[in-house]
Amino acid sequence: MNDLMDKIISLAKRRGFIFPGSEIYGGLANSWDYGPLGVELKNNIKQEWWKWFVQRRSDMVGIDTALIMNPKVWEASGHTKEFTDPLVECKACHQRFRADQVGNTCPNCQGSFTKAQQFNLLFKTFLGPVEDSSAVVYLRGELAQAMFVNFKTVLGTTRKRLPFGIAAQGKVFRNEITPGNFIFRTREFDLMEFEYFVEEKEWEKWFEYWHKEMHAWLAHLGVKKTNLYDHEIPDGERAHYSRRTIDIEYEYPFGRKELYGIAYRYDFDLNRHQEKSGQDLQYSDPETGRKFLPHTVEPTFGVDRSALVALLEAYHEEDAPTGDDDSEKRVVLKFPKWLAPIKVAVLPLSKKENLSAKAKEVYELVRKDFVCEYDETQSIGKRYRRQDEIGTPYCVTVDFESLDDNKVTVRDRDTMKQERIALSSINDYLKNKLS
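Residue numbers (UniProt numbering): 1 to 435.
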């Protein structure tokens with residue numbers, strides 16, 4: 001199965017989805033950059049998630065907050081003490097590993113390990129010109145704390161009533177000990193998550209509700225249910241703020257590991273911030289006047305892991321179609337149409353001047369409504385194959401007949417069937433197909 005990961009990594013670099021960061025300087029361990037197609041894929045995930053969980057709901061609002069917060073936030077939340085991984089070091093080669101991910105001997109040299117020590121995952125830096133303890137700040141290790149410290153302000157400006165949620169998307173940073181497996185585990189990554197504030201007596205109902213919604217989102221992302229597993233995290237293994245956690249795991253080529261997670265954070269965070277800040281963070285019920293700290297259910301979604309599983313699920317190899325001018329297997333990314341980085345490719349049948357001019361007119365028409373690509377290099381068969389490999393749902397071919405009848409041929413990525421469509425209705429036709 002690791003052969004699949006090799007194919008995905010190769011395709012991602014070759015076609016401009018994802019490639020090593022700082023590569024001309026030898027790269028940086030587990031640093032990845034998203035290319036022209038990768039950024040479209042990533043943005044499609046974030047935008048669709050925002051529509052799904054925020055814009056289409058009346059009980060959810062969004063915020064966008066600073067990467068660097070007052071360090072007292074992380075002290076109050078417990079992250080400066082509890083946000084840790086167990087670290088061991090090989091006595092022979094001095095390579096460091098997470099203790100829960102290795103055996104009794106070093107996988108590099110079979111040397112013995114030191115005793116495990118807790119290693120804090122927060123990225124520490126300094127604010128201002130003086131690098132001393134008074135200037136220490138942290139890059140955020142999660143999005144959640146911004147929702148908690150802004151809870152009262154959001155409540156006052158939106159006048160929401162329980163239950164309601166505050167959502168956010170953005171970059172977070174974790175000084176991981178053993179990053180690896182392509183974009184599965186990196187030191188900086190994008191998260192999408194929300195805190196859903198409820199009365200304590202209703203937390204179980206909302207936990208189950210959001211757990212089901214997460215699975216519904218995964219189906220929308222194109223992930224097969226058979227590749228997903230719910231892992232109930234037992235007592236003693238949950239994060240310090242959680243009284244219940246389920247990890248939604250995925251069967252990656254390198255093993256079954258976490259994709260998303262949902263946690264019941266009870267009133268831990270609001271309670272701690274109320275205590276440490278001295279501010280009243282209670283919710284006042286407008287009907288009864290009762291004041292209390294809401295409890296929270298937190299669904300968390302990794303953008304990069306979403307992109308990875310989308311690529312894994314979409315990747316297909318098929319026998320080359322009859323008459324194809326390339327005898328190799330046909331590689332196609334069968335993304336859900338909303339997710340595809342390029343929605344339509346416009347291809348002239350040949351590079352002859354009058355045909356290219358017509359095709360460019362078609363391209364200018366189509367790109368008004370869709371993320372579109374124009375390609376006139378190599379044979380039409382090879383160009384179809386290139387578009388299949390990046391997941392483009394529809395190719396619009398302009399041929400010599402188009403010059404006379406003002407029609408084009410639309411090819412479907414998944415069925416490879418072709419249909420002749422009048423140019424005057426091409427955008428409406430594609431809107432219908434892509435909706």
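Every residue, glycine too, gets a C-beta built ideally from N, C-alpha and C.
Environment of residue i [buried if 16+ CB atoms lie within 10 Å]
| i | result |
| --- | --- |
| Ser379 | exposed |
| Ile294 | One detail in the question is off: residue 294 reads as Pro in this sequence, not Ile. It is buried - the Cβ of Pro294 has at least 16 other Cβ atoms within 10 Å. |
| Cys93 | exposed |
| His240 | exposed |
| Asn30 | buried |
| Lys171 | exposed |
| Tyr25 | exposed |
| Phe126 | exposed |
| Leu218 | buried |
| Thr157 | exposed |
| Thr415 | exposed |
| Ser77 | buried |
| Lys358 | buried |
| Thr377 | exposed |
| Tyr229 | exposed |
| Leu28 | exposed |
| Leu67 | exposed |
| Thr397 | buried |
| Asp85 | buried |
| Glu318 | exposed |
| Ala422 | exposed |
| Asp375 | buried |
| Thr153 | exposed |
Presumed contact (8 Å Cβ cut-off) between residue i and residue j, rounded CB distance
| i | j | result |
| --- | --- | --- |
| residue 437 | Phe194 | For the chain, the structure presents residues 1 to 435; residue 437 sits outside this window and is missing. |
| Leu87 | Ile177 | 6 Å |
| Leu355 | Phe400 | 7 Å |
| Tyr196 | Thr296 | 6 Å |
| Asp64 | Ala168 | 7 Å |
| Tyr384 | Asp412 | Between Asp412 and Tyr384 the Cβ distance is about 11 Å, and since that is not below 8 Å, they are no contact. |
| Leu281 | Phe151 | 6 Å |
| Arg140 | Phe97 | That belief does not hold up - the Cβ atoms of Arg140 and Phe97 are roughly 26 Å apart, past 8 Å. |
| Asn175 | Arg187 | 6 Å |
| Thr80 | Leu122 | 7 Å |
Residues sharing a beta bridge with residue i, DSSP
| i | result |
| --- | --- |
| Thr397 | Leu347, Thr409 |
| Glu193 | Ala168, Thr300 |
| Gly62 | Ala167 |
| Met69 | Tyr138 |
| Gln117 | Leu87 |
| Glu232 | Ile246 |
| residue 454 | Nothing can be reported for residue 454, as the shown portion of the chain is limited to 1 through 435. |
| His295 | Val198 |
| residue 468 | As shown, the chain starts at 1 and ends at 435. That puts residue 468 outside it, with no answer to give. |
| Ser112 | Thr105 |
| Glu373 | Ala345 |
| Asp33 | Phe19 |
| Gly180 | Arg185 |
| Tyr283 | Phe292 |
Where the alpha helix (DSSP H) containing residue i begins and where it ends
| i | result |
| --- | --- |
| Met5 | 2-14 |
| Glu364 | 353-366 |
| Arg386 | 380-390 |
| residue 483 | The question about residue 483 has no answer here: the residues shown for the chain are numbered 1 through 435. |
| Val54 | From DSSP, Val54 is part of no alpha helix (DSSP H); its letter is neither H nor E. |
| Leu155 | 151-158 |
Where the beta strand (DSSP E) through residue i begins and ends
| i | result |
| --- | --- |
| Gln169 | 164-173 |
| Thr226 | Element bounds for Thr226: n/a, residue is neither H nor E. |
| Ile18 | 18-20 |
| Tyr260 | 255-266 |
| Glu249 | 244-252 |
| Val332 | 330-333 |
| Gln418 | 418-422 |
| Tyr315 | 315-318 |
| Thr338 | For the sequence presented, residue 338 should be read as Trp rather than Thr. Trp338 -> no beta strand (DSSP E), and no H or E assigned at all. |
| Trp210 | Trp210 -> not in any beta strand (DSSP E); alpha helix (DSSP H) instead, spanning 203-220. |
Contact test: residue i Cβ vs the ligand ZN heavy atom, cutoff 7 Å
| i | result |
| --- | --- |
| Asn181 | For the ligand ZN, the structure offers nothing, since it holds no ligand at all. |
Cβ of residue i within 8 Å of any chain D Cβ
| i | result |
| --- | --- |
| Thr158 | No chain D is part of this structure, which consists of one protein chain only. |
With a cut-off of 8 Å, do at least 3 Cβ pairs link the stretch 228-248 to the stretch 258-271? yes
May I ask you to verify whether the stretch 141-149 touches the stretch 106-116, counting CB pairs closer than 8 Å and requiring at least 3? With a cut-off of 8 Å, the stretch 106-116 and the stretch 141-149 do not count as touching, because too few Cβ pairs lie within range.
Between the stretch 327-340 and the stretch 225-240, can you find at least three pairs of beta-carbon atoms closer than 8 Å? no
Using a Cβ distance threshold of 8 Å, determine whether the stretch 95-111 contacts the stretch 35-42, with at least three qualifying pairs required. no
Pair every Cβ in the stretch 220-234 with every Cβ in the stretch 302-317, then say whether three or more of these pairs are closer than 8 Å. yes
Looking at C-beta atoms only, is the number of pairs between the stretch 13-33 and the stretch 131-146 that lie closer than 8 Å three or more? No, the stretch 13-33 does not touch the stretch 131-146.
Specify whether the stretch 45-53 and the stretch 180-195 touch according to this definition: at least 3 beta carbon pairs, one from each stretch, less than 8 Å apart. A contact exists between the stretch 45-53 and the stretch 180-195.
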